[in-house]
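Some notes on the structure that comes next.
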Amino acid sequence: MVSPQTEEHVRAFKEEKGFTMELLSDPGNRVADAYGLVYTVPDDLREVYLDMGIDLADYNGDASWRLPMPARYIVDRNRIILYARINPDHTRRPDPADTFKALEKLKA
1 MVSPQTEEHV RAFKEEKGFT MELLSDPGNR VADAYGLVYT VPDDLREVYL
51 DMGIDLADYN GDASWRLPMP ARYIVDRNRI ILYARINPDH TRRPDPADTF
101 KALEKLKA
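Its first residue numbered 1, the sequence shown is counted upward by one per residue in the working numbering.
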């Protein structure tokens, strides 16, 4: 998983959730920007986030209030994207089962 959160927040999140997978910090959304996945949270939604105790400026270490869209890619050794699932709705994450199906198809 790649997140714009600071390394400190990524480590804390990983420990809190007990994840064993690698979580990577993408300061300033540079990687997400390269894939065209970044959007700026609108002002009215910022207020909702802050009311819920979510301060992206603190988590991400900058005041941009920019987030990446949920996306999942399968990239081969030659850096060719073989599979991509992206949803601009941050509440709808790509289903891991679909990714496993795609991997099985590519393997065949």
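Where a beta carbon is used, it is the ideal one built from N, C-alpha and C, also for glycine.
To the nearest angstrom, how far is the alpha carbon of residue i from that of residue j?
i, j, result
"aspartate 58", "alanine 108", "45 angstroms"
"glutamate 22", "threonine 6", "14 angstroms"
"proline 88", "alanine 32", "13 angstroms"
"glutamate 104", "aspartate 95", "15 angstroms"
"arginine 30", "serine 64", "13 angstroms"
"aspartate 51", "isoleucine 74", "36 angstroms"
"glutamate 15", "alanine 71", "23 angstroms"
"threonine 20", "alanine 12", "13 angstroms"
What does DSSP give as the partner residues of residue i in its beta bridges?
i, result
"threonine 99", "Threonine 99 is not bridged to any residue."
"tyrosine 59", "Paired residues: none, contrary to the question."
"alanine 186", "With the chain covering 1 to 108 only, the question about residue 186 has no answer from this structure."
Please classify residue i: is it buried, with 16 or more other beta-carbons within 10 angstroms of its beta-carbon, or exposed?
i, result
"asparagine 78", "exposed"
"leucine 82", "exposed"
"aspartate 26", "buried"
"proline 4", "buried"
"leucine 56", "buried"
"valine 48", "exposed"
Which whole-angstrom value is the C-beta distance of residue i and residue j, which I expect to be below 8 angstroms?
i, j, result
"leucine 37", "proline 68", "5 angstroms"
"arginine 66", "tyrosine 39", "7 angstroms"
Check residue i in the structure and name its three-state DSSP category.
i, result
"leucine 110", "No answer is possible for residue 110: it lies beyond the span of the chain, which begins at 1 and ends at 108."
"leucine 37", "coil"
"arginine 109", "Nothing can be reported for residue 109, as the shown portion of the chain is limited to 1 through 108."
Mind checking whether the beta-carbon of residue i lies closer than 7 angstroms to any heavy atom of the ligand NAP?
i, result
"threonine 40", "What this structure holds is no ligand at all, so the ligand NAP is not there to describe."
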